[in-house]
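From first to last, the protein sequence lines are chains A and B.
Here the first sequence is numbered in my numbering, starting from 270 and rising by one per residue.
Here the second sequence is numbered in my numbering, starting from 270 and rising by one per residue.
Protein chains: 2
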Amino acid sequence: MSASRPTILDVASRAGVSKSLVSLALSGSPKVSEKSRLRIERAAQDLGYRLNAAARSLAIQKSRTLGVLVLDLHNPVFAEILDGVQTEVRQHGFSTMLVSGGEDPTLEHRQINTLQEFQIEGLILISHRLSADVLKAVAREIPTVTVTRDDIPISRMDMVCNDDISGARLAVDHLASLGHERIVCLSGGDNPVSHARARGYSEGMEDHALAHYSTIVSGGLTDSAGYRAAQEALQGDPTALFVVNDIAAMGAIAAVEEAGLSVPEDISVIGYDGIRLAGLRSINLTTVAQPLAELGRLAATRMLERLDQPQRPAQHDQVASRVVVRGTTGPPPAHPRSSAS
Amino acid sequence: MSASRPTILDVASRAGVSKSLVSLALSGSPKVSEKSRLRIERAAQDLGYRLNAAARSLAIQKSRTLGVLVLDLHNPVFAEILDGVQTEVRQHGFSTMLVSGGEDPTLEHRQINTLQEFQIEGLILISHRLSADVLKAVAREIPTVTVTRDDIPISRMDMVCNDDISGARLAVDHLASLGHERIVCLSGGDNPVSHARARGYSEGMEDHALAHYSTIVSGGLTDSAGYRAAQEALQGDPTALFVVNDIAAMGAIAAVEEAGLSVPEDISVIGYDGIRLAGLRSINLTTVAQPLAELGRLAATRMLERLDQPQRPAQHDQVASRVVVRGTTGPPPAHPRSSAS
DNA sequence: CCCCTTCTTTGGAACGTTCCAACAAGTATG
DNA sequence: CATACTTGTTGGAACGTTCCAAAGAAGGGG
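What follows is the structure, given as structure tokens:
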């Protein structure tokens, strides 16, 4: 009864032609007569024929599919980058296979393996936690583009990032221009992105001759890490906080408010990333916004280029971020709260 | 030079056995001698052999892969459901292919087509915008489970949902037990989920003999829709708002605060969904929490069961939600703000 | 009427796997 | 000591495509 999926052969016999001609017709070859093409298309339609991607991939030795690994599907940053990847890739007739390793290097590696079994032609890593060795091994086997991380340069592996150092400096510029001096940086722990942003902060403070106020509190990338770091930072009586990312900044704001201070009247807070969420009315966070979708689009472009010419040297793109001023930053309070000089 | 990927044949010749034995050994058959198994594993290791999923899928006529469509990767609800799906599915040796249609029915349909080309064995829809006709056509072709929506019953298609009606009643119970009477429902517009929650609200109001206070304001599922709906609702001088989902609740809070009122002292707000975000310190939203990961896990289980016995009747699971009390609900103000009786 | 070109169409091989029937080599059974 | 059974192993077919060389058909020129 339920003769499983119709194949190209079923279409062929229904249209009264050979399987080869069906293949030709369905892939849009110009050598097929109008008459046959029509008959074949009709037959395919009637039978509900659908290409078998596995068979095709086996035959042409390509899968027309890219693998995408995102660090963590819960962090909106990655969804927004992914958007850019998807739209670009789709336009070029590629499919994507999406996996997430949930910040676990071992799982990430396993997931990449699975992707490879599906014969993906390229791999886009939207942030990752792989060790340099593993990453090198992966990149040797398959064209790879990393987004958001550029600390492990590998030959013929492209990297697409925002410039974290300049971005962090912009944050300091913004706060300094409002009149802030005691600006504390809540860093995100031991990872390359946090390091770069902390460094940009330090440079920015120097530029504004505020180096002697420069203070970095080590925290993390999560809400609660931002909360704790802010509590610590408040001891130092700052007027502004530059927080390593938007999520942590939201935690920091909670700490400030719990301490009986208000944002931005007593303390200004600026985040980093520019997730859509930060724009929600009840959050309304000033932040250094990365062009997230653009980051994704660019990564996809680089990948497609590399598939064309696999041997070209590695490209390293850095896109500019900009400050989006919302409701969590303002001028410092006219009268200092404490007796600090 | 670069002899492409090693195949099972390369492994066979290196281990000095036949390709069949390699296939047997690598799939863990017990009929392979210890000696051969070891030699084969070594050879595979040395060559960096990796299974070709396309070839395998072609040979066994199965892909060991499930397709997953999520409504929108930006809404954290779906990422959290997805977690549950992934962990369960992975344990059973299946891979998943994840796509998102961005709330666009046409794109969703296209994406499902792509999934089908990859010979997925089953399809899990984590919310969708498909029309009944399209959904029916899809479900006829391939085992399908819908999560979050149960308004289109189709034979042999399983559905996994939370009970929106009971959940909404719980929200009313919570507010009523705090002493609230003028409770307004901010609904989410014209979709099945919003309708069910509004209905639960009405029933709950009746249970507490508050039916005469029952007011439903039509809004939407987004932050700004919640904001606008709250503005409208405030005209009626309520003491509490039940908002259709967490994201819209966040918008509603912003509207309340902008009106010079505070949450929860003047007005209590309760959301629905229980996204992780709602627990962030700076948000701290009281909400009706669905067991999101559990929803996903259950959907995966139903799918795996159905693959075992394709003909069994459709299952309809409803899991219970519960109120998570946080900082946005409290007793109503002792003295009414306005001159309303 | 035959040959040459051009336009369509075709069968067969290939892709990398799994499965099956069959076979070789031991090992226990009568 | 032949028979049967067990344990390992094998080659060939199959899966649904694409690609290639080659065959047919149709048309034009001599």
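All C-beta atoms in this analysis are idealised placements derived from N, C-alpha and C, irrespective of residue type, glycine included.
Exercise. DSSP state of residue 395 of chain B, grouped into three classes?
Worked result: Locating residue 395 of chain B in the second sequence gives position 126, counting from the first residue. Secondary structure of residue 395 of chain B (DSSP, three-state): strand.
Exercise. Are any of the Cβ atoms in chain A nearer than 9 Å to that of residue 345 of chain B?
Worked result: The residue you call residue 345 of chain B lines up with position 76 of the second sequence. It does: the Cβ of residue 345 of chain B has a partner Cβ on chain A nearer than 9 Å.
Problem set entry | Own chain residues within Cβ distance below 8 Å of residue 583 of chain B, not counting five before or after | Within the second sequence, numbered from 1, the residue matching residue 583 of chain B stands at position 314. These residues qualify, in order along the chain: 422, 423, 424, 425, 426, 427 and 428.
Problem set entry | Under 8 Å from the C-beta of residue 351 of chain B: neighbouring residues of chain A | Position 82 of the second sequence holds residue 351 of chain B. By Cβ distance, chain A contributes 342.
Exercise. Taking Cβ positions only, does residue 595 of chain B come closer than 9 Å to chain A?
Worked result: As a first step, residue 595 of chain B must be located in the second sequence, where it is residue number 326. With respect to chain A, the C-beta atom of residue 595 of chain B has no partner C-beta closer than 9 Å.
Problem set entry | Same chain, Cβ closer than 8 Å to residue 418 of chain A, neighbours up to 5 away in sequence not counted | The residue labelled residue 418 of chain A in the question sits at position 149 within the first sequence. Once the five neighbours on either side are set aside, the close Cβ partners of residue 418 of chain A are 394, 396, 397, 428, 430, 461 and 462.
Problem set entry | Residue-level contact to chain B via CB, residue 493 of chain A, 9 Å cutoff | For the purposes of this step, residue 493 of chain A is taken as residue 224 along the first sequence, with counting starting at 1. Yes - at least one Cβ of chain B is within 9 Å of the one on residue 493 of chain A.
Problem set entry | Rounded Cβ spacing between residue 451 of chain A and residue 506 of chain A (contact assumed at less than 8 Å) | Your numbering for residue 451 of chain A matches position 182 in the first sequence. Your numbering for residue 506 of chain A matches position 237 in the first sequence. Between residue 506 of chain A and residue 451 of chain A the Cβ distance is about 7 Å, and since that is below 8 Å, they are a contact.
For this session: Confirm, please, whether the CB-CB distance from residue 339 of chain B to residue 313 of chain B is below 9 Å.
Result: For this step, residue 313 of chain B is matched to residue 44 along the second sequence. For this step, residue 339 of chain B is matched to residue 70 along the second sequence. Cβ atoms of residue 313 of chain B and residue 339 of chain B: not closer than 9 Å.
Exercise. Does residue 310 of chain A have its Cβ less than 9 Å from a Cβ in chain B?
Worked result: Indexing the first sequence from 1 puts residue 310 of chain A at position 41. No, residue 310 of chain A lies away from the interface with chain B (no Cβ there is under 9 Å from its Cβ).
Problem set entry | Cβ-based neighbour list, residue 363 of chain A, same chain, cut-off 7 Å, excluding 5 preceding and 5 following | The residue given as residue 363 of chain A occupies position 94 in the first sequence. Answer for residue 363 of chain A: 333, 334 and 335, listed in chain order.
Exercise. When the Cα of residue 458 of chain A is compared with those of A:391, A:560 and A:493, which residue comes out closest?
Worked result: Translated into the one-based positions of the first sequence, residue 458 of chain A becomes position 189. When each option's Cα is compared against that of residue 458 of chain A, the closest is A:493.
For this session: With a floor of 4 residues, list each alpha helix (DSSP H) that falls wholly inside the region 341 to 404 of chain B, ordered by position along the chain.
Result: If we require 4 residues or more, the alpha helix (DSSP H) runs fully inside the region 341 to 404 of chain B come out as 345 to 360 and 374 to 386.
Exercise. Going by beta carbon distance, what residues of the same chain come within less than 6 Å of residue 445 of chain B, once the five residues before and after it are set aside?
Worked result: Taking the first residue of the second sequence as 1, we reach residue 445 of chain B at position 176. Excluding residues within five positions, the ones whose Cβ falls inside 6 Å are 477.
Exercise. When the Cβ atoms of the region 373 to 392 of chain B are set against those of the region 313 to 329 of chain A, are three or more pairs found closer than 8 Å?
Worked result: Judged by Cβ distances under 8 Å, the region 373 to 392 of chain B makes contact with the region 313 to 329 of chain A, as three or more pairs qualify.
Exercise. Taking the continuous beta strand (DSSP E) assigned at residue 335 of chain B, which residues delimit it?
Worked result: If you number the second sequence from 1, residue 335 of chain B lands on position 66. Secondary structure note for residue 335 of chain B: its beta strand (DSSP E) is the uninterrupted segment 334 to 339.
Exercise. Where does residue 459 of chain A sit, in a helix, a strand or coil, going by DSSP?
Worked result: Your numbering for residue 459 of chain A matches position 190 in the first sequence. Coil at residue 459 of chain A, not helix or strand.
Exercise. Is there a Cβ from chain A that is less than 9 Å from the Cβ of residue 496 of chain B?
Worked result: The sequence position of residue 496 of chain B within the second sequence is 227, counting from 1. Cβ-Cβ to chain A under 9 Å: yes for residue 496 of chain B.
Exercise. Based on the DSSP output, what are the partners of residue 541 of chain A in its beta bridges?
Worked result: Start at 1 with the first residue of the first sequence, and residue 541 of chain A comes out as number 272. Note: residue 541 of chain A sits in a beta bridge opposite A:557.
Exercise. So residue 536 of chain B is in the beta strand (DSSP E); what residue range does that whole segment cover?
Worked result: Translated into the one-based positions of the second sequence, residue 536 of chain B becomes position 267. Careful: residue 536 of chain B lies outside any beta strand (DSSP E) and carries neither H nor E.
Exercise. Any idea which residues DSSP pairs residue 587 of chain A with across the strands?
Worked result: Here residue 587 of chain A corresponds to residue number 318 of the first sequence, with the count starting at 1. Note: residue 587 of chain A sits in a beta bridge opposite A:430.
Problem set entry | Three-state secondary structure assigned by DSSP to residue 597 of chain B | Position 328 of the second sequence, counting from 1, holds the residue named residue 597 of chain B. Residue 597 of chain B: coil per DSSP, three-state reduction.
For this session: Pick out whichever of A:587, A:568, A:548 and A:567 has its Cα sitting closest to the Cα of residue 595 of chain A.
Result: Position 326 of the first sequence holds residue 595 of chain A. Of the listed residues, the one whose Cα sits closest to residue 595 of chain A is A:548.
Exercise. Does the ligand ADP have even one heavy atom less than 8 Å from the beta-carbon of residue 396 of chain B?
Worked result: Of the ligands one can find in the structure shown there are none, so the ligand ADP has no counterpart to examine.
Exercise. Which class does residue 222 of chain B belong to by DSSP, given the choice of helix, strand or coil?
Worked result: The first residue shown for chain B is 270 and the last is 610, placing residue 222 of chain B beyond what the model contains.
For this session: Can you check the region 458 to 491 of chain A for any alpha helix (DSSP H) of at least 4 residues that lies completely inside it and give the ranges in chain order?
Result: If you keep only unbroken alpha helix (DSSP H) runs of at least 4 residues inside the region 458 to 491 of chain A, you get 461 to 476.
For this session: Would you mind stating whether residue 437 of chain B and residue 469 of chain B have Cβ atoms separated by less than 9 Å?
Result: Numbered from 1 along the second sequence, position 168 holds the residue referred to as residue 437 of chain B. Numbered from 1 along the second sequence, position 200 holds the residue referred to as residue 469 of chain B. The answer is yes: Cβ separation under 9 Å.
Exercise. Does the beta carbon of residue 270 of chain A sit closer than 9 Å to a beta carbon anywhere in chain B?
Worked result: The residue labelled residue 270 of chain A in the question sits at position 1 within the first sequence. Confidence at residue 270 of chain A is low in this model, with a pLDDT of 38, below 50, so the placement of that residue is unreliable and no value is reported for it.
Exercise. Which residues of chain A have a Cβ atom closer than 9 Å to the Cβ of residue 522 of chain B, listed in chain order?
Worked result: Translated into the one-based positions of the second sequence, residue 522 of chain B becomes position 253. Residues of chain A with a Cβ closer than 9 Å to the Cβ of residue 522 of chain B are, in chain order, 550 and 551.
For this session: Please confirm whether residue 599 of chain B and residue 537 of chain B have their CB atoms less than 9 Å apart.
Result: The residue given as residue 599 of chain B occupies position 330 in the second sequence. The residue given as residue 537 of chain B occupies position 268 in the second sequence. Yes, the pair counts as a contact, with Cβ atoms nearer than the cut-off.
For this session: Counting only the same chain and skipping the five closest in sequence on each side, list residues whose C-beta sits under 7 Å from that of residue 371 of chain B.
Result: As a first step, residue 371 of chain B must be located in the second sequence, where it is residue number 102. Close CB contacts of residue 371 of chain B within its chain, under the 7 Å cut and outside five residues either way in sequence, are with 341 (chain order).
For this session: Excluding the 5 residues preceding and the 5 following residue 592 of chain B in the sequence, name in chain order all residues of the same chain whose CB lies nearer than 6 Å to its CB.
Result: Translated into the one-based positions of the second sequence, residue 592 of chain B becomes position 323. Excluding five sequence positions before and after residue 592 of chain B, the CB atoms of its chain that fall closer than 6 Å to its own CB belong to 439, 443 and 557, given in chain order.
For this session: Tell me whether residue 282 of chain A is buried or exposed, calling it buried when 16 or more other Cβ atoms sit within 10 Å of its Cβ.
Result: Mapped onto the first sequence, residue 282 of chain A falls at position 13. In the assembly as shown, residue 282 of chain A is an exposed residue. Its beta-carbon has fewer than 16 other beta-carbons within 10 Å.
Problem set entry | Rounded C-alpha distance that separates residue 271 of chain A from residue 295 of chain A | Here residue 271 of chain A refers to the residue found at position 2 of the first sequence. Here residue 295 of chain A refers to the residue found at position 26 of the first sequence. Bear in mind that a pLDDT of 44 at residue 271 of chain A, under 50, signals an unreliable position, so the number given afterwards is only what the model happens to contain. The alpha-carbon atoms of residue 271 of chain A and residue 295 of chain A are separated by roughly 24 Å.
For this session: For residue 489 of chain B, count neighbouring Cβ atoms within 10 angstroms of its own Cβ and tell me buried if that reaches 16, exposed if not.
Result: Taking the first residue of the second sequence as 1, we reach residue 489 of chain B at position 220. Using a 10 angstroms sphere on the CB of residue 489 of chain B, the tally of other CB atoms reaches 16 or more, which defines it as buried.
Exercise. Since residue 510 of chain A sits in a beta bridge, which residues does DSSP pair it with?
Worked result: Counting from 1 along the first sequence, the entry for residue 510 of chain A is found at position 241. A:453 and A:538, per the DSSP bridge assignment.
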